[in-house]
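Here the structure comes first, spelled out in C-alpha cells, and everything after it is commentary.
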Amino acid sequence: MTVWEENRKVYASDEASGGLPKTLADVPHGYERITSEWMTQVMCRNVPGAHVTRVMLGEASSGSSNRQRIFLDYDDAGLAAGLPRSVFCKGSMVLANRLLLGTTRCARGEAAFFNKIRPRVPIQVPTPIHAAYDERTYGYIVVMEDLTGIAQFCD
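Set out below in C-alpha cells:
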C-alpha cells in the first residue's frame, strides 16, 4: 500500500470514528471536533482552576493549510486571568492538506518550528500557544494568538 493510500485509509477511519481530542498530544480531526475540554488543556494549563466553557468557530480559510479563528468563553477563573477570548489556528484538517503537508514533512516542520525554534529566535510571528503533529494521521495544529485588529496582512 502506498503512503497516499495508507493516509486515505487512516483519514477515513478517523472520520468515521467521530473521535474527539482528549490530550495535548491529540490533533483534532477537524476544527469542529475541538471541545472545551481539549481547549481547556491548551489554554488554561498555567491557570489553576480555569476552564474553557464554550468553543465557537469563527472565520475560516484554506490554502496549503486550513485556518480557523476560534472564540472562547471561560469560567470566572479564566476571565480573571485575562485569558484570550479568541485564538487563530492553522493545521491540516482535510485529507488533501494532510497528504500535501504530511508526505512532504511540512506538517511536522510547522509544529516543530512553533514548539522548538520560535521560542528561541526573536522573529515577528504570532505567539504560539500550542502545536502538535500526529505522525500516524499527518494531522497538525498550531494554536496561536489572534492578531485580528492588531496586525495588518497583505491580500
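Counting from 1 along the sequence shown, just add 819 to a position and that's the residue number in this note's numbering.
Glycine included, each C-beta is placed from N, C-alpha and C at the ideal position.
Return the first residue and the last residue of the alpha helix (DSSP H) that residue i is part of.
i	result
residue 921	914-922
residue 859	855-862
residue 852	Segment: none, residue 852 is in no alpha helix (DSSP H) and carries neither H nor E.
residue 895	895-899
residue 869	Careful: residue 869 lies outside any alpha helix (DSSP H) and carries neither H nor E.
Based on the DSSP output, what are the partners of residue i in its beta bridges?
i	result
residue 905	890
residue 947	963
residue 952	959
residue 910	885 and 960
residue 876	889
Helix, strand or coil: which one does DSSP assign to residue i?
i	result
residue 821	coil
residue 881	strand
residue 841	coil
residue 928	helix
residue 936	helix
residue 846	coil
Give the straight-line distance between the Cα atoms of residue i and residue j, rounded to the nearest whole angstrom.
i	j	result
residue 968	residue 905	12 Å
residue 899	residue 890	17 Å
residue 944	residue 963	10 Å
residue 884	residue 934	18 Å
residue 849	residue 926	15 Å
residue 853	residue 862	12 Å
residue 870	residue 824	39 Å
residue 843	residue 960	11 Å
residue 951	residue 893	23 Å
residue 846	residue 827	17 Å
residue 819	residue 939	Coverage of the chain is limited to positions 820 through 974, which leaves residue 819 absent and any answer about it impossible.
residue 929	residue 834	23 Å
residue 909	residue 879	10 Å
residue 936	residue 895	34 Å
residue 868	residue 897	8 Å
residue 836	residue 881	24 Å
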